[in-house]
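Residue numbers (this note's numbering): 699 to 1008. Backbone N, C-alpha and C fix where the C-beta goes; we use that ideal spot for every residue, glycine too.
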Amino acid sequence: MMKPAIVVAVAVLAAFTGTADAGAAVKVITSTEDLASIAKEVGGDKIAVESLAKGYQDPHFVEAKPSFVLKLHGADLLIVVGRELESSWLPALITQSRNAKIRPGGEGYLDASLTARILDIPTGQITRAMGDVHPEGNPHYWLEPGNGRRAAKAIQEKLSQLSPGDAPYFAQRFADFDRRLAEGETRWKAAMAPYKGRKIVTYHRSWSNLTNEFGLDVIGYVEPRPGIPPSPAHTLTLQHEMTRQGVKIILVEPYFDVKTPNAIVARTGGKVVVLPPSVGGVKGTDSYIALFDHNVRLLVQAFQEVGAGK
Ligand SMILES: [Zn+2]
């Protein structure tokens, strides 16, 4: 056992330097827990990573806390989802942090959407003034495993640039994540295969990449447009369409009110399924791969419960 005086000395030293690893670690801040999970996969103990938003929050509308500014001030790298997902809360915090490295264009700024496959890119003129929060295509692209892999690759390259001595370590971590993700893709595709072509409704347009991956057909949304709350007229039209096409499932993100979806299925029959779009959204989703395992399990269960249907 250590003598008390030595324990104190060690504790004081630790307070100054953090743990031995944290002293040399790249300080990474991500906007979402999904990106934090992927960064952790690649960065291992060579990085210290923290997400600003929690997985149970709507990533479009995160309440900015003063502590966020401090975290950004001390960051070596900021990783964002991009495509305007964070545009209502993050840019002001970046400015307030007075950390030039992590500004867009800076060495310590990484926009994971730049290498992602983006769906729902508007063909006409859509601006945020219309209330649509997806003016640059679907920002929920991390819900496609291939995009998780692309984000991991971009993070590997960025970390290797910031900490060149650790590049082989990051490459090995990426390879390991890539292999486990590929195993997951095989597992999820097999589980979802019987439900290919099934029609569903979702609350927000969060699931385009996921439903595209598994061949599900989203026939409508509870929101009239992304970011616009449900209106009685839109709800009625949606309800008629669900009845006409025999659609039984409404997916709802945990941060939305289930009142309208519940009212719809009370008339159409069927089931409201609360599905987390992000790591940390509910219990059992503490990593990127665990999020897909959890959601695939819930989807399979829901399709089994509503029966053959459409
Ligand atoms: Zn959205």
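Under 7 Å between C-beta atoms, does residue i make it to chain C?
i	result
N845	Looking at the structure shown, chain C is missing, and only one protein chain is on hand.
Between the beta-carbon of residue i and the beta-carbon of residue j, is there less than 7 Å?
i	j	result
K946	V1004	yes
L908	L989	no
I727	A798	no
R919	R903	Here residue 919 is Tyr; the residue named in the question, Arg, does not match the sequence. Going by C-beta atoms, Y919 is nearer than 7 Å to R903.
R818	S906	The amino acid at residue 818 is misidentified as Arg; the sequence shows Asp. A contact, by the Cβ cut-off of 7 Å.
Y986	S811	no
G949	V963	The sequence as given places Leu at residue 949; Gly does not occur at that position. No, the Cβ-Cβ distance between L949 and V963 is not below 7 Å.
G742	R942	no
A746	K769	no
Indicate, with yes or no, if ligand 1 has a heavy atom lying under 6 Å from the CB of residue i.
i	result
P922	no
Kindly give me the distance between the Cβ atoms of residue i and residue j, rounded to whole angstroms, as I take these residues to be in contact under 8 Å.
i	j	result
L733	V767	Not a contact, Cβ separation roughly 19 Å.
K981	Y867	Going by Cβ atoms, the distance from K981 to Y867 rounds to 31 Å, so no, they are not a contact pair.
S976	G753	4 Å
L775	G806	5 Å
G895	D915	6 Å
D809	V760	Not confirmed; about 17 Å, so no contact.
What number of angstroms, rounded off, separates the C-alpha of residue i from the C-alpha of residue j?
i	j	result
G913	H832	22 Å
A718	H838	Residue confidence is low: A718 scores 43 on pLDDT, short of 50, so the model does not pin down where it sits. Its coordinate-derived value is still stated next. Looking at the two C-alpha atoms, the distance is approximately 36 Å.
I917	A850	32 Å
T900	K969	12 Å
A751	P764	13 Å
Q854	A869	7 Å
D874	E951	30 Å
G780	A961	34 Å
L857	H758	26 Å
D864	I800	21 Å
P930	P922	10 Å
V998	A891	10 Å
A1000	Y953	20 Å
N910	G844	12 Å
T730	L934	34 Å
G925	G978	22 Å
Q859	V740	14 Å
P802	L879	29 Å
S795	Q937	47 Å
S785	D756	13 Å
P959	M940	12 Å
Should residue i go down as buried or exposed, given a rule of 16 or more other Cβ atoms within 10 Å for buried?
i	result
N836	buried
E748	exposed
I704	Model confidence at I704 stands at a pLDDT of 46, short of 50, so the residue's coordinates are unreliable and nothing is read from them.
T966	buried
H992	buried
R848	buried
G822	exposed
A814	buried
T884	exposed
A888	exposed
T793	exposed
K957	exposed
P928	buried
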